[in-house]
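Engineer: In the working numbering, the protein residues as written are 497 to 1143.
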Amino acid sequence: MAQRREALSPHRAARGHRGIRESGPAPAAGRLRCAGEMLRSLLVATAVLTPPALAAGPQASFVNDIVPIFTRMGCAGANCHGSIRGKGGFKLSLFGYEPEDDYQAILKGDGGRRIDLQAPEKSLILRKPTFREPHGGGERFKEASIEYAAIRDWIAAGASYDSPGSPRIVSIAISPPERRLVGIGSEQPLAVRARFTNGSEADVTGKVQFTSNDDGVASVSGSGVVRAERPGETSIMARTLGQAVAARIYVVKDAPMADYPAVEGNNFIDKLALEKLRYLNIIPSELSSDEHFLRRAYLDVLGALPTAEEAREFLDSSDPGKRAKLIERLLERPERAEFWATYFADVFRLGFNESRDKGAKLFYNWMREAFRRDRPWDDMIQELMVSRGNLYYDETASFYFITRKLDPGDVATHISQSLLGVRLECAKCHNHPWEKWTQDDFYGLAAFFPRLATKFVNAGSESNVYLKDTGQVIHPKTKKPVAPKYLDGGLETERPGEDVRAKLGAWITDPANPFFARAMVNRIWRRYLGRGLVEPVDDFRVTNPPSNQKLLDALAEDFARNGFSIRRTERLILNSRIYQLSSRPNQSNRHDQINHSRYYLKRMMAEQLLDAVVQVTGVPERFAGWPPGTRAMTIPHGSPSYLLTVF
497 MAQRREALSP HRAARGHRGI RESGPAPAAG RLRCAGEMLR SLLVATAVLT PPALAAGPQA
557 SFVNDIVPIF TRMGCAGANC HGSIRGKGGF KLSLFGYEPE DDYQAILKGD GGRRIDLQAP
617 EKSLILRKPT FREPHGGGER FKEASIEYAA IRDWIAAGAS YDSPGSPRIV SIAISPPERR
677 LVGIGSEQPL AVRARFTNGS EADVTGKVQF TSNDDGVASV SGSGVVRAER PGETSIMART
737 LGQAVAARIY VVKDAPMADY PAVEGNNFID KLALEKLRYL NIIPSELSSD EHFLRRAYLD
797 VLGALPTAEE AREFLDSSDP GKRAKLIERL LERPERAEFW ATYFADVFRL GFNESRDKGA
857 KLFYNWMREA FRRDRPWDDM IQELMVSRGN LYYDETASFY FITRKLDPGD VATHISQSLL
917 GVRLECAKCH NHPWEKWTQD DFYGLAAFFP RLATKFVNAG SESNVYLKDT GQVIHPKTKK
977 PVAPKYLDGG LETERPGEDV RAKLGAWITD PANPFFARAM VNRIWRRYLG RGLVEPVDDF
1037 RVTNPPSNQK LLDALAEDFA RNGFSIRRTE RLILNSRIYQ LSSRPNQSNR HDQINHSRYY
1097 LKRMMAEQLL DAVVQVTGVP ERFAGWPPGT RAMTIPHGSP SYLLTVF
């Protein structure tokens, strides 16, 4: 029997599996209208199967009712009409981010053939997705579907665009935000609610597109029903009209263990990590042996192997606190600072082709000294944000010299990824498909850097990073200058003679910034544990949630509260039981890849590998332009060595 079609607009209390249900009682007129609709539905039920009829009431909203159909059915995806060039001469905005453009494409595109106001069923926008006419995307929905009825009835009502001031979705929330599914095949329906610009809220479960980050762990139907496939965890994403949200799903094979063993922790890291392991019925591995811990700690903290004498001294000791004492000694050694400086030379793209050898050495030495003194991370970044000068004489000038020509957009991407863990590059060309970031956000951040430029001096042998007197970033869509804008939405005004980068640095390093502290502790965690709580480490977004949100938040809070001390966070991690676990799996954790129920094996860095070979063989490696005895870990770029360049 055909289903009755209802307009999916937040203007009234529409009901139905795929419709929005707005909170609050329906008005009296609406109740009378519903009675008439019920009668019509009974008449339709006795007829031959035909597409659903339009319910009486306000016309459907193009933005809130029609555009989501193209996203949900895959038409507005990156591999279909939502691609940068569209498909088959028909281009939609990616995931419906630009409904005004979509309206023009549908109404006026292809000589007006996509819409037939006199005979809506003949509209190309209906014939193609129902496969009544050849369509490269195949059949997307049937003639008897709610989607077909919604589009047909919108056309029959005049195919108009929403009036100014019509409600728009400003955010969506998913329920439940996380759930443990016990047993393969168990299911959990998800619900999504939207908040609109007029303050109303409504159920939009039937309008969003659901996808799973890992179908092998948990699959999801088009209506939002999650099914457990195998033990593990994943995220289920829901997306509509530029809004995205995710639910965390955990799949366990059996009911919670009644005899889960007691595991002693050393600090808050263990408490939060072990809580989740118990929730997932995962028993952590045993503690690592002293031999394994010794090698692990030296390689992770110093990037080097212990000497034979250091190994004998540690292994022969019967002191129960010898691990904690070893950690303290390692954290004070100069090799630790060299390791961090080399790590951030990679993060900050300190390649030979950008800052050249002399500039790279100068910046590397500045970072090494800062890490040696455990200089607060926020203090370091504030200095880097306003850096400029000659690459050969000013220590931090190389920070911005990521390309020969400093493009404001490239600098914005560099800053957001390296310091905030946020990937903005998608928003350069279109609104971000997996996050809230828009082109306005991208060009607003880029607008902090249009005055930043480079010039060559001394016959081109040296480079300077400097600030021009003026500079603008032009929005590619509006063709107008863009004001500096923080990622939280606040605008900034640059006054004459002011370096607005200093204000951006203050915003970035503010303890209230939701990204800065989390991004750094996540990098520290990944360096020692082999996998970030958010992975990749520079891809924080709502659709890529942390493997342990409580642990990430606790580490970030402790980091900010204690003066952004990197050494303190390292100490916490190194002394935790989680870090000191064996890499040998047990029956319950052999498939765990993200919860650190055992120590995950890590590939050695090229610098670590080369230094280890030199140490074990006693055969030194010579680097062109560097004195004999130089460790690979102290070279800020890989150019002098074939091995470092390749690996």
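For glycine and all other residues, C-beta sits at the position ideal for the given N, C-alpha and C.
Please report how far the alpha carbon of Arg900 lies from the alpha carbon of Val1109, in whole angstroms.
Structural biologist: One C-alpha to the other measures close to 36 Å.
Engineer: What is the DSSP secondary structure of Glu683, reduced to helix, strand or coil?
Structural biologist: strand
Engineer: Rounded to whole angstroms, what's the CA-CA distance from Val759 to Arg1118? Just pull it up for me.
Structural biologist: 48 Å
Engineer: Whether or not the segment 1069-1080 and the segment 1089-1097 are in contact is what I'm after, with contact meaning three or more pairs of Cβ atoms, one per stretch, closer than 8 Å; do they touch?
Structural biologist: yes
Engineer: Should Arg726 be labelled buried (16 or more other beta-carbon atoms within 10 Å of its own) or exposed?
Structural biologist: exposed
Engineer: If I'm right that Asp658 touches Val559 with Cβ under 8 Å, what's the distance once you round it to whole angstroms?
Structural biologist: Val559 and Asp658 do touch by the CB rule: their CB atoms are close to 5 Å apart, below 8 Å.
Engineer: Quick one: grab the DSSP three-state call for Ala1039.
Structural biologist: Rather than Ala, the amino acid found at residue 1039 in this sequence is Thr. Coil at Thr1039, not helix or strand.
Engineer: Threshold first: 4 residues or longer. Then list the alpha helix (DSSP H) segments lying entirely within the segment 1030-1118, N to C.
Structural biologist: 1045-1057, 1062-1071, 1102-1113
Engineer: Check Pro625 in the structure and name its three-state DSSP category.
Structural biologist: coil
Engineer: Between Glu931 and Arg1037, how many whole angstroms is the CB-CB distance? I'm expecting something under 8 Å.
Structural biologist: 4 Å
Engineer: Mapping the DSSP letters down to three states, classify Pro1124 as helix, strand or coil.
Structural biologist: coil
Engineer: Which first and last residues belong to the beta strand (DSSP E) in which Met733 is found?
Structural biologist: 728-736
Engineer: Note the first and the last residue of the continuous alpha helix (DSSP H) segment covering Val797.
Structural biologist: 786-797
Engineer: For Ser785, is the classification buried or exposed, using 16 other Cβ atoms within 10 angstroms of its Cβ as the cut-off for buried?
Structural biologist: exposed
Engineer: What is the DSSP secondary structure of Val713, reduced to helix, strand or coil?
Structural biologist: Looking at Val713 - three-state DSSP - the assignment turns out to be coil, as it is neither helix nor strand.
Engineer: For Lys1146, count neighbouring Cβ atoms within 10 angstroms of its own Cβ and tell me buried if that reaches 16, exposed if not.
Structural biologist: The structure shown does not extend to residue 1146, since the chain is modelled only from 497 through 1143, so no value can be given for it.
Engineer: Using the beta-carbon count (16 or more within 10 Å), is Thr1005 buried or exposed?
Structural biologist: buried
Engineer: Using the three-state DSSP reduction, which class does Asn1018 fall into: helix, strand or coil?
Structural biologist: helix
Engineer: Beta strand (DSSP E) containing Phe706: first to last residue?
Structural biologist: 705-708
Engineer: Would you kindly check if the distance between the Cβ of Ala652 and the Cβ of Pro616 is under 8 Å?
Structural biologist: yes
Engineer: Pick helix, strand or coil for Asn560, following the three-state DSSP scheme.
Structural biologist: helix
Engineer: I need the straight-line Cα distance from Arg1086 to Lys624, nearest angstrom please.
Structural biologist: For the pair Arg1086 and Lys624, the Cα-to-Cα distance works out to about 49 Å.
Engineer: In three-state terms, what does DSSP make of Leu887?
Structural biologist: coil
Engineer: Contact check, Leu811 vs Glu787 under 8 Å by CB: the rounded distance?
Structural biologist: 7 Å
Engineer: Short check: CB of Arg671 to CB of Thr1039, under 8 Å?
Structural biologist: This sequence places Ser at residue 671; Arg is not what is there. Contact: no.
Engineer: Please state whether the Cβ-Cβ distance between Met881 and Gly1001 is less than 8 Å.
Structural biologist: yes
Engineer: In the DSSP assignment, the beta strand (DSSP E) including Ser671 goes from what residue to what residue?
Structural biologist: 665-671
Engineer: Report yes or no: do three or more beta-carbon pairs, one from the segment 707-726 and one from the segment 760-775, lie closer than 8 Å?
Structural biologist: no
Engineer: Would you call the segment 1021-1034 and the segment 1064-1073 in contact, with 3 or more CB pairs under 8 Å?
Structural biologist: yes
Engineer: Are the beta-carbon atoms of Leu948 and Leu902 separated by less than 8 Å?
Structural biologist: Yes, they are a contact pair.
Engineer: Thr950 bridges to which residues according to DSSP?
Structural biologist: Val961
Engineer: Contact between the segment 761-777 and the segment 690-705: three or more CB pairs below 8 Å?
Structural biologist: no
Engineer: Which residues in the same chain have their Cβ closer than 6 Å to the Cβ of Ser589, if we skip the five residues on either side of it in sequence?
Structural biologist: Contacts found: Asp597, Asp598.
Engineer: Could you give the DSSP three-state label for Glu782: helix, strand or coil?
Structural biologist: coil
Engineer: Hey, how far is the Cα of Val540 from the Cα of Ile647?
Structural biologist: Residue confidence for Val540 is low, a pLDDT of 37 falling below 50, so the modelled location carries little weight; the figure read from the coordinates is stated next. If I take the Cα positions, the gap works out to 19 Å.
Engineer: Quick check: what's the CA-CA separation for Val961 versus Asp984?
Structural biologist: 28 Å
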